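> Residue numbers for the sequence shown, in this note's numbering: 1215 to 1345. I'd like to ask some things about the structure below.
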Amino acid sequence: MCDSKLVPLDQMILSYPRVEISKIEELKSFDLSGNLLSELIDIFKSEFELNLPLMKEMLKNEDFEMLSKMSHRLRSTGFNSGARRVSEILKKIEIELTDSETSKAEINIMINSLEYEVFKTRIELERHIKS
């Protein structure tokens, strides 16, 4: 991957909402107990707290196959929680891992972007629990 691919990453990240409000509203509409959204956010937090360091370790060890599988699995977690940007970054990581021209440094930049978005998304998701 060359620098020109990083610009589309920034554009891609900003072209999606951090959290899809329609997904949050849909989850709330199915939540008779009032706990579903809170439980999904807890899963989101724990999954990413556990797996972001593992992703970095997989990259360091050049275990690209496992990193791709992890990206795919976490993408579902993000999607189900309404975390659109997180899901899209994970999709981009998964795709770029199949490109032999993509360097470890470039994947590392994507993982760092993911880490930032996870942090910001957690804050936004927690705001929706209170509303």
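C-beta atoms are modelled at their ideal positions from N, C-alpha and C, and glycine is treated no differently. Quantities reported herein were computed from a predicted structural model and do not represent experimental measurements.
1) Span of the alpha helix (DSSP H) holding THR1291?
2) For ASN1352, which option in LYS1344, LEU1268, PHE1258, THR1335 has the closest C-alpha, if you only look at C-alpha atoms?
3) Relative to the alpha-carbon of LEU1273, which residue among LEU1246, ASP1245, THR1316 has its alpha-carbon at the smallest distance?
4) Buried or exposed: which applies to LEU1264, given that a residue is buried once 16 or more other Cβ atoms fall within 10 Å of its Cβ?
5) Label THR1312 either buried or exposed according to how many other C-beta atoms from any shown protein chain fall within 10 Å of its C-beta, with 16 as the threshold for buried.
6) For MET1215, collect the residues of the same chain with a Cβ closer than 7 Å to its Cβ; drop the 5 residues on either side in sequence, then sort them by chain order.
7) Just the C-alpha distance for ALA1297 and VAL1233, rounded to the nearest angstrom, thanks.
Concretely, from the data shown:
1) Residue 1291 sits at position 77 when you count from the first residue of the sequence shown. For THR1291, the uninterrupted alpha helix (DSSP H) segment begins and ends at 1278-1294.
2) Given a span of 1215 to 1345 for the chain in the structure shown, any question on residue 1352 remains unanswerable.
3) As a first step, residue 1273 must be located in the sequence shown, where it is residue number 59. The shortest C-alpha separation from LEU1273 is found at THR1316.
4) Indexing the sequence shown from 1 puts residue 1264 at position 50. Classification for LEU1264: exposed.
5) On the sequence shown, position 98 is the one that residue 1312 refers to. The residue in question, THR1312, is exposed, as its Cβ has fewer than 16 Cβ neighbours within 10 Å.
6) The count along the sequence shown starts at 1 and reaches residue 1215 at position 1. Below a pLDDT of 50, predicted positions are generally treated as unreliable, and MET1215, at 43, falls in that range; the measurement from the model is reported next regardless. For MET1215, the CB contacts under 7 Å within the same chain, skipping 5 residues up- and downstream, are GLU1310, ASP1313, GLU1315, THR1316, SER1317, GLU1320 in chain order.
7) In the sequence shown, counting from the first residue as 1, residue 1297 sits at position 83. In the sequence shown, counting from the first residue as 1, residue 1233 sits at position 19. Cα to Cα, ALA1297 sits roughly 5 Å from VAL1233.
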